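Participant: Protein sequence lines, in the order shown, are assigned to chains A and B.
Counting with the working numbering, you get residues 11 to 161 for the letters of the first sequence.
Counting with the working numbering, you get residues 7 to 723 for the letters of the second sequence.
C-beta atoms are modelled at their ideal positions from N, C-alpha and C, and glycine is treated no differently.
Bear in mind that the values here come from a model prediction, so they are computed numbers and not experimental data.
The structure's right below; bear with me while I get my questions together.
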Amino acid sequence: MAQISFKLNGVAKTVTVDSSETPLLWVLRDQLGLTGTKYGCGIEICGACTVLINGEPEKSCDVSIGEVAGKSVMTIEALKTDPLGARLQAAWLEHQVPQCGFCQSGMLMAAFGRLKAGESRASTASSLSNICQCGTFQRVKEAILGLPGIA
Amino acid sequence: MSAKPTTDTMILDRRSFLGGAAAAVLMPVTLGFAAGQADAGATVGAYIRIDASNTVTLITGQTEMGQGIGSGLAQIMAEELMLDWAQVRFEHAPVNPALYGLPGWGLQLTGGSTSTMMWYAPLRSASAIAAWRLRAAAALTFGGAVEQWTLAGGGKVNHAIYGVKTFASVLGKVASTPVPASAPFAGTKRIVGQRVRRIDLAAKVDGSAKFGMDVMLPGMVFASVAHSPTLTGTVKSCPAKASGALAVVNLGNAVGVVASNTWNAMRIASSLQSKVTWALPANRALLDSGSLASAAQALQAAAAPANLKVFETVGSPDGKTGAIDATYVAPFLAHACMEVMNATVSVTKTNGLVTLVELWLPTQGQSFVPGTVRSVPGLANLTDAQIKVNSMLCGGGFGRKIEQDYVLQAVKLAIAVGKPVKLTWSRPQDFKNDKYRPYASMRVRLGGDANGIGGLVYRNVSASISFQQGANPEDTGAVAGAVKLPYGIANRRIEFAPLPTAIPLGYWRSVGESYNTFAIESAIDELALALNQDPIDYRLRMLGADQRAARVLQTLKASLRYTGMAAARRGVAFLKGFNSYVALALEIALDNVSRIRVTKAHYVIDCGLVINPDAVEAQMQGGLVHGLYSALYNRVTFANGVPQVQNFSNYRVLTARDMPQVTVDILEGDPATTMPGGVGETGVPCVAPALANAYHRLSGTRVRELPFYPGATMSED
């Protein structure tokens with residue numbers, strides 16, 4: 011058993027886990043009930059599990075809960091609390107991006123992390139590596155490129 | 007009102023789609039207002055619920071798995087009730103095929119692009135009847151006659167004297183109103199045909215949408231499984247426990263592990279796979295893709311292969327097919343839904359006997375769930391009321407979630423541990439234990455001149471889904487896309503010879519058309535090229551009297567002026583299927599490692615009456631992606647029964663950088679006479695042949711075996 015303290019969506023959190031090796035993804039989903047972050051592949055390819063750790067987009071399937079001790083984690087559930095995040099969500103609805111929607115939490119968090127860090131809309135839109143099996147990429151790009159007020 | 011298909015010709019009949027899996031009998035459906043069913047509370051009939059805040063909810067048997075069906079069907083309801091879109095919701099119905107099953111099939115499932123085409127007329131009628139009853143209820147509540155009350159829009163009714171009243175204010179009298187056999191339609195096109203925003207998307211951008219995988223229950227434990235490394239192997243013996251596991255359960259076709267979280271369950275299950283003694287299938291040649299390819303070649307060469315079925319024979323094609331003799335091959339494919347197979351089950355016991363099995367499922371096959379539950383030892387006598395199915399959002403389906411394998415495992419796990427269990431497969435287990443899209447070998451012998459095809463002999467040799475299920479030996483699904491062609495071909499013979507295999511098979515988005523359209527549309531292109539004919543003009547010349555087909559191809563031809571695709575890098579293909587017509591032109595370029603990139607794609611679709619043009623466009627964009635990554639990169643091969651696919655690492659799919667701009671022309675039929683056709687699958691079949699046709703023009707090389715780049719991995723460029 012291990013106790014890990016970190017900041018989750020702006021709030022201090024301490025969790026007790028069987029093993030500090032447990033991936034953050036499964037602590038979020040199974041223990042904390044934050045099911046907006048999805049399991050897709052488990053090997054850092056698909057991006058469905060993307061969250062921000064200290065502001066950086068990270069695939070939470072391959073980050074152990076031990077590694078996030080003392081760090082700040084942001085999940086899709088808190089995206090609306092950031093003005094840019096809320097605008098991104100509004101753009102996703104304006105462009106009717108999701109189909110099944112399963113990958114969209116990770117897609118949004120990956121795009122948000124890059125844009126928030128100052129990456130251009132064009133670079134973000136063309137280089138997101140998240141997998142979407144419904145094929146929403148065209149609308150993902152349009153939603154990002156259409157965001158007003160940033161580079 | 008009795009059940010009947012809402013279109014003259016159902017291209018996919020229930021039998022061919024489901025084969026032996028369909029046990030239900032086609033039954034009459036009482037639409038909207040089941041005889042003897044009291045209106046419970048605020049429910050108006052079976053499909054429509056109105057609450058105190060005047061929110062109107064469609065209760066639908068169709069599963070929302072990304073295609074937008076919940077919103078699309080709700081548009082049909084909202085139209086006849088003259089609702090404001092903001093007050094409209096939808097939710098998944100309980101399992102009750104008599105009420106919620108597809109009117110054409112009597113089965114509660116989502117597949118074959120049938121939802122809108124089968125529900126449009128009956129749901130429209132049921133909604134109009136509901137509108138009439140709400141007006142009648144207003145008369146009973148406030149006075150006046152039903153004829154004096156009119157729909158006022160926004161979920162309200164109006165009377166010259168009594169004024170405007172909400173639906174909610176008259177609900178108390180709905181149960182007292184008669185149920186007319188029919189009622190007038192509002193028919194105002196305020197909502198049907200409009201680009202309304204999908205109801206389910208707001209929850210899909212903030213993490214609150216609940217997919218099957220997201221179900222959380224008090225006291226729930228987490229499970230995963232390891233199947234036999236060799237397909238169809240079963241557990242001979244397995245360890246009774248494992249370190250870190252709450253339970254180890256022999257599930258027959260897999261070992262199940264229950265643990266405190268999903269990660270523990272997955273890794274313990276994975277570690278147990280080598281500790282289980284597996285009973286392996288005797289004849290593994292039937293599970294080997296190399297052996298199957300050789301067997302398919304032999305069946306193509308044989309004069310009279312076993313179980314040969316001739317589907318169409320017209321005129322005398324032999325001797326008129328000299329120009330082309332080509333064999334096209336489409337591989338086994340995985341479904342690769344973003345949401346892996348999962349199921350959550352809670353079992354209630356009373357006096358030691360199971361009295362309720364409640365399931366939370368991502369499923370597109372609701373009709374089959376009660377039978378799955380009853381197949382578990384000890385549960386055979388459960389009544390319908392003792393099996394409660396909560397249909398969750400599906401994170402992709404593509405046909406995979408019709409299957410019951412994961413459902414059965416979860417029920418067994420819940421029985422074994424006596425607690426609510428959520429079963430989640432790992433991604434490798436999901437890839438390695440799919441119900442694969444059948445492998446198909448298609449030999450096309452074709453001849454003709456500038457005016458059209460003189461003779462066609464077509465033989466499909468494929469692993470047949472319904473053959474494997476022991477039913478429907480004709481398997482019309484195996485030749486879908488090769489029969490009922492839009493082209494006038496006076497001399498033709500269309501054959502099917504089943505390829506014996508033990509590889510588990512399943513329906514995959516666009517079913518038979520996913521491979522037959524590749525062969526037919528490639529071969530026609532080869533003939534056009536050999537005859538120095540323009541591929542669109544050549545197809546147009548062969549169409550005969552089918553005006554819808556001609557309009558679609560003429561529109562595609564006209565589109566070439568504004569899409570600006572380079573003729574030397576362009577390929578086209580055409581599909582008549584799913585009661586719709588789709589033509590695709592795409593332009594390709596070769597990247598710095600000489601691999602194909604699609605630079606532009608343009609669809610023209612006539613899907614009859616359009617419910618939501620934006621949803622049609624979304625399906626074309628998505629169909630392009632699905633068709634593209636499948637045709638370019640993927641096949642699942644089997645070495646003596648062991649699937650060689652691992653994860654997305656060696657099942658390459660698309661990402662944003664690969665996405666071309668897709669444009670769509672939607673041709674609308676006359677709304678007064680046109681019924682909706684299928685949409686969800688129609689974007690896929692033309693992609694592979696259009697790619698092959700474009701590549702032939704660009705490179706001079708004809709690709710007849712898919713994928714273009716076998717062995718592609720996700721990391722390479």
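Where does Ser-277/B fall in DSSP's three states?
Facilitator: Here the question's residue 277/B lines up with position 271 in the second sequence. It is helical.
Participant: Just checking: is the beta-carbon of Trp-366/B within a distance shorter than 8 angstroms of some beta-carbon in chain A?
Facilitator: In the second sequence, the residue the question calls residue 366/B occupies position 360. False, the Cβ-Cβ gap to chain A never drops below 8 angstroms.
Participant: Ignore the nearest five residues each way along the sequence and tell me which others in Glu-54/A's own chain have a CB closer than 8 angstroms to its CB.
Facilitator: Here residue 54/A corresponds to residue number 44 of the first sequence, with the count starting at 1. Counting only Cβ-Cβ distances below 8 angstroms, and skipping sequence neighbours, we find Lys-69, Cys-71, Asp-72.
Participant: Buried or exposed: Glu-85/B, going by 16 or more other Cβ atoms within 10 Å of its Cβ?
Facilitator: Looking up residue 85/B in the second sequence gives position 79. With 16 or more Cβ atoms within 10 Å of its Cβ, Glu-85/B is classed as buried.
Participant: Measure the alpha-carbon distance for Leu-18/A versus Leu-35/A and round it to whole angstroms.
Facilitator: The count along the first sequence starts at 1 and reaches residue 18/A at position 8. The count along the first sequence starts at 1 and reaches residue 35/A at position 25. Approximately 13 angstroms, taken between the alpha carbons.
Participant: What is the DSSP secondary structure of Arg-710/B, counted as helix, strand or coil?
Facilitator: Your numbering for residue 710/B matches position 704 in the second sequence. In the structure shown, Arg-710/B sits in coil (DSSP, three-state: anything other than H, G, I, E or B).
Participant: Would you give the residue range spanned by the alpha helix (DSSP H) that Glu-77/A belongs to?
Facilitator: Position 67 of the first sequence holds residue 77/A. It is not in any alpha helix (DSSP H) - Glu-77/A carries neither H nor E in the DSSP assignment.
Participant: Residues of chain A with CB closer than 8 angstroms to the CB of Ala-342/B, please, in chain order.
Facilitator: Locating residue 342/B in the second sequence gives position 336, where the first residue counts as 1. Those within 8 angstroms of Ala-342/B in chain A are Gln-143.
Participant: Whole angstroms is fine: what's the gap from Gly-258/B's alpha carbon to Ala-232/B's?
Facilitator: Numbered from 1 along the second sequence, position 252 holds the residue referred to as residue 258/B. Numbered from 1 along the second sequence, position 226 holds the residue referred to as residue 232/B. In a straight line, the C-alpha of Gly-258/B is about 11 angstroms away from that of Ala-232/B.
Participant: Less than 8 angstroms between CB atoms is the rule here; does Ile-160/A satisfy it with respect to chain B?
Facilitator: For the purposes of this step, residue 160/A is identified with residue 150 of the first sequence, where counting begins at 1. Cβ-Cβ to chain B under 8 angstroms: no for Ile-160/A.
Participant: Please go through the same chain and pick out, in chain order, the residues whose beta-carbon is closer than 8 angstroms to the beta-carbon of Ala-174/B, but skip the five residues on each side of it.
Facilitator: For the purposes of this step, residue 174/B is taken as residue 168 along the second sequence, with counting starting at 1. The answer, listed in chain order, is Ala-48, Ile-56, Asp-57, Ala-58, Ser-59, Asn-60, Gly-161.
Participant: Taking the alpha-carbon positions, what's the Leu-630/B to Gly-689/B distance?
Facilitator: To locate residue 630/B, count along the second sequence from 1; it is residue 624. To locate residue 689/B, count along the second sequence from 1; it is residue 683. Cα to Cα, the separation comes out at about 6 angstroms.
Participant: Would you call the region 16-32 of chain A and the region 102-119 of chain A touching, i.e. three or more CB-CB distances under 8 angstroms?
Facilitator: Contact between the region 16-32 of chain A and the region 102-119 of chain A is absent, because fewer than three Cβ pairs lie under 8 angstroms.
Participant: Just to make sure I have the definition right: I need the residues of chain B whose C-beta is within less than 8 angstroms of the C-beta of Glu-87/A. Which are they?
Facilitator: For this step, residue 87/A is matched to residue 77 along the first sequence. Here the neighbours are Asp-212, Gly-213, Ser-214.
Participant: Would you please state the rounded distance, in angstroms, between the beta carbons of Met-71/B and Cys-400/B? I believe it to be under 8 angstroms.
Facilitator: Residue numbering aside, residue 71/B sits at position 65 when the second sequence is read from its first letter. Residue numbering aside, residue 400/B sits at position 394 when the second sequence is read from its first letter. Correct: roughly 3 angstroms between the Cβ atoms.
Participant: Would you kindly check if the distance between the Cβ of Arg-406/B and the Cβ of Lys-438/B is under 8 angstroms?
Facilitator: As a working note, residue 438/B is residue 432 in the second sequence. As a working note, residue 406/B is residue 400 in the second sequence. No, they are not a contact pair.
Participant: Suppose you measure from the CA of Gly-647/B to the CA of Val-316/B; what does that come to, to the nearest Å?
Facilitator: On the second sequence, position 641 is the one that residue 647/B refers to. On the second sequence, position 310 is the one that residue 316/B refers to. Cα to Cα, the separation comes out at about 31 angstroms.
Participant: Quick test of the definition: if touching needs 3 or more C-beta pairs under 8 angstroms, does the region 344-354 of chain B touch the region 428-435 of chain B?
Facilitator: The region 344-354 of chain B is in contact with the region 428-435 of chain B.
Participant: Inspect the CB distances between the region 135-150 of chain B and the region 637-652 of chain B and report whether three or more fall short of 8 angstroms.
Facilitator: Because the criterion of three Cβ pairs below 8 angstroms is not met, the region 135-150 of chain B and the region 637-652 of chain B do not touch.
Participant: Beta-carbon within less than 6 angstroms of Arg-149/A's beta-carbon, same chain only, minus the 5 sequence neighbours each way: which residues are those?
Facilitator: By 1-based counting over the first sequence, the position of residue 149/A is 139. So the list reads His-105, Val-107, once near-sequence residues are dropped.
Participant: Can you give me, in chain order, the residues of the region 147-158 of chain A that have a beta carbon less than 8 angstroms from any beta carbon in chain B?
Facilitator: Result list: Phe-147, Gln-148, Arg-149, Val-150, Lys-151.
Participant: What does the Cβ neighbour count give for Ser-249/B, buried or exposed, with the cut at 16 atoms within 10 Å?
Facilitator: One-based indexing of the second sequence puts residue 249/B at position 243. Ser-249/B is exposed by the Cβ-count criterion.
Participant: Going by DSSP, what residues sit across from His-165/B in a beta bridge?
Facilitator: Here residue 165/B corresponds to residue number 159 of the second sequence, with the count starting at 1. DSSP output for His-165/B lists Gly-169/B as bridge partner(s).
Participant: Exposed or buried, which one is Arg-449/B when buried takes at least 16 other CB atoms within 10 Å?
Facilitator: What you label residue 449/B is simply residue 443 of the second sequence in a count that begins at 1. Buried, because 16 or more other Cβ atoms sit within 10 Å of the Cβ of Arg-449/B.
Participant: Under 7 angstroms Cβ-Cβ, which residues of chain B neighbour Asp-92/A?
Facilitator: As a first step, residue 92/A is located in the first sequence; it is residue number 82 there, counting from the start. Near Asp-92/A there are no residues of chain B at all, since even the closest Cβ is about 12 angstroms away, more than 7 angstroms.
Participant: Select from Ile-197/B, Ala-143/B, Lys-210/B the residue whose C-alpha is nearest the C-alpha of Gln-109/A.
Facilitator: On the first sequence, residue 109/A is found 99 positions in, with the first residue counted as 1. The shortest Cα separation from Gln-109/A among Ile-197/B, Ala-143/B, Lys-210/B belongs to Lys-210/B.
Participant: Out of Val-423/B, Asp-481/B, Ala-573/B, Ser-397/B, point me to the one whose CA is closest to Phe-96/B's CA.
Facilitator: Looking up residue 96/B in the second sequence gives position 90. Minimum Cα distance to Phe-96/B is reached at Ser-397/B.
Participant: Give a yes or no on contact between the region 77-87 of chain A and the region 110-127 of chain A, applying the rule of three or more CB pairs nearer than 8 angstroms.
Facilitator: Short answer: they touch.
Participant: Rounded to whole angstroms, what is the Cα-Cα separation between Ala-142/B and Trp-155/B?
Facilitator: As a working note, residue 142/B is residue 136 in the second sequence. As a working note, residue 155/B is residue 149 in the second sequence. Approximately 8 angstroms, taken between the alpha carbons.
Participant: For Ile-509/B, I'd like the list of residues in its chain whose CB is within less than 7 angstroms of its CB, leaving aside the five on either flank, ordered along the chain.
Facilitator: As a working mapping, residue 509/B is identified with position 503 in the second sequence. Cβ neighbours of Ile-509/B beyond the five flanking positions: Leu-237, Leu-293, Phe-338, Tyr-442, Ala-469, Phe-644.
Participant: Starting from Glu-66/A and walking both ways along the beta strand (DSSP E), at which residues does that stretch end?
Facilitator: As a working mapping, residue 66/A is identified with position 56 in the first sequence. Taken as a continuous stretch (DSSP letters only), the beta strand (DSSP E) holding Glu-66/A covers 66-69.
Participant: Within 10 Å of its beta-carbon, does Ala-132/A have 16 or more other beta-carbons around it, so buried, or fewer, so exposed?
Facilitator: On the first sequence, position 122 is the one that residue 132/A refers to. By the neighbour-count rule (16 or more Cβ atoms within 10 Å), Ala-132/A is not buried but exposed.
Participant: Kindly indicate which three-state DSSP category Asp-455/B falls into: helix, strand or coil?
Facilitator: Residue numbering aside, residue 455/B sits at position 449 when the second sequence is read from its first letter. If DSSP states are grouped into helix, strand and coil, Asp-455/B belongs with the strands.
Participant: Let me confirm a value: Asp-411/B is counted as buried when at least 16 other C-beta atoms fall within 10 Å, else exposed. Which label applies?
Facilitator: If you number the second sequence from 1, residue 411/B lands on position 405. Classification of Asp-411/B: buried, given that the 10 Å Cβ count is 16 or more.
Participant: Establish whether the CB of Ser-139/A and some CB of chain B are separated by less than 8 angstroms.
Facilitator: Position 129 of the first sequence, counting from 1, holds the residue named residue 139/A. Closer than 8 angstroms to some Cβ of chain B, the Cβ of Ser-139/A qualifies, so yes.
Participant: Residues of chain A with a CB under 9 angstroms from the CB of Thr-283/B: which are they?
Facilitator: In the second sequence, counting from the first residue as 1, residue 283/B sits at position 277. By Cβ distance, chain A contributes nothing, its closest Cβ being about 27 angstroms from Thr-283/B, past 9 angstroms.
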